[in-house]
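>
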Amino acid sequence: MPRTAPPALPYETVLPYEAVLPYEAAARLCAAAARTLLVPRVSSATVLGTGPAVAAHLAALVREVPGLGNITVHPGPAHWPHPGAAALAAAQGTVLTTAASRERALLGADLVVLTGPALPVDRSLLAPSAVVVEPPPPGA
30 MPRTAPPALP YETVLPYEAV LPYEAAARLC AAAARTLLVP RVSSATVLGT
80 GPAVAAHLAA LVREVPGLGN ITVHPGPAHW PHPGAAALAA AQGTVLTTAA
130 SRERALLGAD LVVLTGPALP VDRSLLAPSA VVVEPPPPGA
């Protein structure tokens, strides 16, 4: 199935283009690292963070990391998922969910993406071959 273009970020109406672009660059770098480091059977990812970085990472993961059956976000943003992100995920066969707790979001994850500064990840909650990726800060 061909990959489709990402939806427009819902935050573009709030932030100027220059403020959003660094998140997209970090998200693409994160997706490339995930493709390189993950075992082929990856099926679930967790994105920890808030704001425009989450939207950028969701779009990049759905577009660029094959085999993702589920992406969980914590904490769940308001008005989420954005209709464009939901449509892109559905077209790729990826289910988008939120988790009420950080621990629940991490449970069994194959891939964990930290979109900003975060507490250390309890690796005992993750799948045995899980990969944790923390992208560089925007502008780095």
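So the sequence shown is numbered by our numbering: it starts at 30 and just counts up by one.
The beta-carbon is built from N, C-alpha and C at its ideal position, and this holds for glycine as well.
#1: Where does ALA159 sit, in a helix, a strand or coil, going by DSSP?
#2: Short check: CB of ALA134 to CB of THR79, under 8 Å?
#3: For ALA60, verify whether its CB is less than 7 Å away from any heavy atom of the ligand ZN.
#4: Just to confirm my understanding: we take PRO110, look at its own chain, exclude 5 residues before and 5 after, and list those with CB closer than 6 Å. What are they?
#5: Using beta carbons (cut-off 8 Å, strictly below), is ASP139 in contact with chain D?
Put simply:
#1: Here residue 159 corresponds to residue number 130 of the sequence shown, with the count starting at 1. The answer is coil: DSSP assigns ALA159 none of H, G, I, E or B.
#2: Within the sequence shown, the letter at position 105 stands for residue 134. Within the sequence shown, the letter at position 50 stands for residue 79. It is not a contact, given that the beta carbons lie outside the stated cut-off.
#3: Looking for the ligand ZN in the displayed structure turns up nothing, as the structure carries no ligands at all.
#4: The sequence position of residue 110 within the sequence shown is 81, counting from 1. Once the five neighbours on either side are set aside, the close Cβ partners of PRO110 are LEU125.
#5: Reference to chain D is not applicable here, since this structure consists of a single protein chain.
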